[in-house]
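Inspection log for the structure reproduced underneath, given as structure tokens.
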Amino acid sequence: MTNTFEILPQPSGQSSHQCWSCGDMRAALFCDSCGSLQPAAPTDYFTFFGWPRKLNLEMPALEREYYRLSRLLHPDLFANTTTQEQTWSLQKTSHLNDAYRTLRDPILRTEYLLRLQGLQVHEKPAGASLAAAAMGESKKGASSELLEEAFELNMQLEELQMNHKMGEHDEDLERQLAEQESALVAKLAQLDGELHQQWNQWDALANTDGLPASKILDSMVELLSRRSYLRNLVRDVKEALAD
Amino acid sequence: MAYSDKVLDHYSNPRNVGSLDKNSNEVGTGLVGAPECGDVMKLQIRVNPVTQIIEEAKFKTFGCGSAIASSSLATEWVKGRTVDEALAIKNTEIVKELALPPVKIHCSVLAEDAIRAAIGDWKKKQGTEATEPAKVQAAQ
């Protein structure tokens, strides 16, 4: 059950390479000195864009940088170069696309950062994530509350579906469920607000190691798991009401 | 993906669906879930106070076929066992019995957690410390 991201955390940001073509140092995508395309180095998505691991991202900036890099790295531009450079261009372009797709989605971005920082997101507790290990009683309480809620809601949904099967329409139940749906949507919005606060706290950290950082990361894991639950519940209610 | 015959059997003919009085002192309730797939599983046991044998087990699971089959099987297995014997049930045994594919292993983990959570709840009611902290929230 390893995660699906093939890029492993790098110890630090931009690592210096030696340009394979001119031997100069400190090349990233291209050699600073001669401009040759460099081999695909295993960098995380933030580093690939030359950014720190921060969660507040300006979408226009991301898009601009994505298009700029796409134009520089596109395999068509390397049609007349060595096979090796063609492969690198292809690898980098595909890495760029993955990076863009992940970073532009707020939830995928958060999950990606958490994995980069060594946390397990949406994994079984047997793996004993930092979050599970650090989870206190209060968090457990909150989660079991959510489980109760999910269970009750599912019971109601099942009742509604059975009624429908028997050709009955229980308007009271449907109204209740519609109310639940808006309550869930409101909760989801509130949760996104909380997640955003954690982003800000994370981004404000000068040092991403140590207790404050791991606390923030743990709450993000917890928020994401609650969020994923809520999102599923909203989907189920919507489906049931649409039937 | 095709389900094994055993999963299909438990899915279409689940054993011990229902609930027990969660306020009863003899009843332990475990409610666990897997946020990523939205599964919720409730497993309840009724323990004979003298013999410590689980005499009754009920479950209600909202989730995929494997989750339903895993919890259905779990209720069958805990019945007639002592609490300590039930704690020894491992998710790998469920995987084997139901021939669950790797992507569905977390369903069996959930069922194991549900057993532990139910027993943990029951132990709390008896005023004894759980041998292992019940995982109220499964599958981070």
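Same order as they appear, the protein sequences are chains W and L.
Just so you know, we're using this note's numbering here: the first sequence kicks off at 64 and counts up by one.
Just so you know, we're using this note's numbering here: the second sequence kicks off at 28 and counts up by one.
For every residue, glycine included, the Cβ atom is placed at its ideal position computed from N, Cα and C.
These numbers were taken from a predicted model, which means no experiment stands behind them.
Subject >> Expected contact under 8 angstroms - CB spacing of Y129 (chain W) and L159 (chain W) to nearest Å >> reply: Y129 (chain W) to L159 (chain W), Cβ: 7 angstroms. Contact.
Subject >> Residues bridged to M68 (chain L) [DSSP beta-bridge criterion] >> reply: Per DSSP, L:V59 and L:T88.
**OP:** Take the Cβ of A269 (chain W) as the centre, count every other Cβ of all protein chains shown within 10 Å, and call the residue buried at 16 or more, exposed below.
**Re:** A residue is called buried once 16 or more other Cβ atoms fall within 10 Å of its Cβ, and A269 (chain W), having fewer, is exposed.
Original post:
Taking Cβ-Cβ distances shorter than 8 angstroms, what residues in chain L pair up with Y175 (chain W)?
Top reply: Near Y175 (chain W) there are no residues of chain L at all, since even the closest Cβ is about 15 angstroms away, more than 8 angstroms.
Original post:
Taking the alpha-carbon positions, what's the N75 (chain L) to E82 (chain L) distance?
Top reply: Answer to the nearest angstrom: the Cα atoms are 6 angstroms apart.
Subject >> CA-to-CA distance, N143 (chain W) to P188 (chain W), given in whole angstroms >> reply: For P188 (chain W), the pLDDT reaches just 41, beneath the cut-off of 50, and the residue's location in the model is therefore unreliable, although a value from the coordinates is still provided. Each residue's Cα considered, the two are about 51 angstroms apart.
**OP:** Measure from the C-beta of K69 (chain L) to each C-beta in chain W and report whether the shortest distance is under 8 angstroms.
**Re:** Yes - at least one Cβ of chain W is within 8 angstroms of the one on K69 (chain L).
Original post:
In the DSSP assignment, what residue or residues form a beta bridge with V110 (chain L)?
Top reply: V110 (chain L) is not bridged to any residue.
**OP:** Establish whether the CB of G92 (chain L) and some CB of chain W are separated by less than 8 angstroms.
**Re:** No, because no Cβ of chain W sits closer than 8 angstroms to the Cβ of G92 (chain L).
**OP:** Have a look at L:L58, L:N43, L:N50 and L:S46 and flag the residue whose alpha-carbon is nearest the alpha-carbon of R143 (chain L).
**Re:** Ranking the options by Cα distance to R143 (chain L), first place goes to L:L58.
Original post:
Out of curiosity, what's the CA-to-CA distance linking A241 (chain W) and F86 (chain L)?
Top reply: If you take the alpha carbons of A241 (chain W) and F86 (chain L), they lie about 27 angstroms apart.
Original post:
Using a Cβ-Cβ distance under 8 angstroms, would L58 (chain L) count as near chain W?
Top reply: Interface residue, yes.
Original post:
Quick one: is G65 (chain L) near chain C, going by C-beta distance under 8 angstroms?
Top reply: Going by chain labels, chain C is absent from the structure shown, which instead holds the protein chains W and L.
Original post:
Any Cβ of chain L within less than 8 angstroms of the Cβ of F112 (chain W)?
Top reply: Output row for F112 (chain W): interface = no.
Original post:
Mapping DSSP to helix, strand and coil, what is R116 (chain W)?
Top reply: Here R116 (chain W) sits in coil by DSSP.
Original post:
What residues in its chain sit with their C-beta under 6 angstroms from that of L132 (chain W), if we drop five residues either side in the sequence?
Top reply: In its chain, beyond the 5 residues on either side, L159 have a beta carbon closer than 6 angstroms to the beta carbon of L132 (chain W).
**OP:** Can you give me the Cβ contacts of L287 (chain W) inside the same chain, cut-off strictly under 8 angstroms, excluding the 5 residues immediately before and after it?
**Re:** Counting only Cβ-Cβ distances below 8 angstroms, and skipping sequence neighbours, we find I170, T173, E174, L177, V184, H185 and L258.
Original post:
Excluding sequence positions up to five away, which residues of its chain have a Cβ less than 6 angstroms from the Cβ of F111 (chain W)?
Top reply: Answer for F111 (chain W): A162, listed in chain order.
**OP:** Could you check the C-alpha separation between P115 (chain W) and A252 (chain W) for me, to the nearest Å?
**Re:** Put simply, the backbone Cα of P115 (chain W) is about 27 angstroms away from that of A252 (chain W).
Subject >> Delimiting residues of the alpha helix (DSSP H) encompassing V297 (chain W) >> reply: Where V297 (chain W) is concerned, the enclosing alpha helix (DSSP H) stretches over L274 to A305.
**OP:** Kindly indicate if chain L contains any beta-carbon less than 8 angstroms away from that of N295 (chain W).
**Re:** Yes, contact with chain L.
**OP:** Compile a chain-ordered list of the residues in the segment 72–90 of chain L whose CB is closer than 7 angstroms to at least one CB of chain W.
**Re:** Per Cβ criterion, the list reads F89.
Subject >> Reference V110 (chain L), options L:P129, L:P41, L:D48 and L:A84, closest by Cα >> reply: Per the Cα distances, L:A84.
Original post:
Going along chain L in order, which residues have a C-beta closer than 7 angstroms to the C-beta of A213 (chain W)?
Top reply: Simply G60 and V67.
**OP:** Mind reading off the beta-carbon distance from Y108 (chain W) to L166 (chain W)? Whole number of angstroms is fine, and I expect it under 8 angstroms.
**Re:** Indeed, because the Cβ distance is near 6 angstroms, the residues count as touching under 8 angstroms.
Original post:
Counting Cβ pairs, one atom from each stretch, are 3 or more of them under 8 angstroms apart for the segment 289–301 of chain W and the segment 100–117 of chain L?
Top reply: Verdict: no, contact absent.
Subject >> Within 8 angstroms, strictly: CB atoms of Q224 (chain W) and A303 (chain W) >> reply: With contacts defined by Cβ atoms closer than 8 angstroms, Q224 (chain W) and A303 (chain W) form a contacting pair.
Subject >> V34 (chain L) (DSSP reduced to helix, strand or coil) >> reply: In this structure, V34 (chain L) counts as helix in the three-state DSSP scheme.
**OP:** For chain L, find out if any of its Cβ atoms is closer than 8 angstroms to the Cβ of E302 (chain W); answer yes or no.
**Re:** No, because no Cβ of chain L sits closer than 8 angstroms to the Cβ of E302 (chain W).
Original post:
Between the C-alpha atoms of E211 (chain W) and L35 (chain L), what's the straight-line distance to the nearest angstrom?
Top reply: As the crow flies, the alpha-carbon of E211 (chain W) is around 27 angstroms from that of L35 (chain L).
Original post:
Between which two residues does the alpha helix (DSSP H) containing V248 (chain W) stretch?
Top reply: Taken as a continuous stretch (DSSP letters only), the alpha helix (DSSP H) holding V248 (chain W) covers E234 to A267.
Subject >> Per-residue burial, Q71 (chain L) [other beta carbons within 10 Å of its own, 16 or more giving buried] >> reply: Buried.
**OP:** Report yes or no: is there a C-beta of chain L within less than 8 angstroms of the C-beta of S207 (chain W)?
**Re:** At least one beta carbon of chain L lies nearer than 8 angstroms to the beta carbon of S207 (chain W).
Original post:
Looking at N118 (chain L) and V130 (chain L), is the spacing between their C-beta atoms short of 8 angstroms?
Top reply: Annotated as distal: V130 (chain L) and N118 (chain L), with beta-carbon spacing of 8 angstroms or more.
Subject >> Beta-bridge pairing of R73 (chain L) - partner residues as DSSP gives them >> reply: DSSP, once it has assigned bridges, lists L:V54 and L:E83 as partnering R73 (chain L).
Subject >> Three-state class that DSSP yields for L92 (chain W) in the structure shown >> reply: L92 (chain W): coil per DSSP, three-state reduction.
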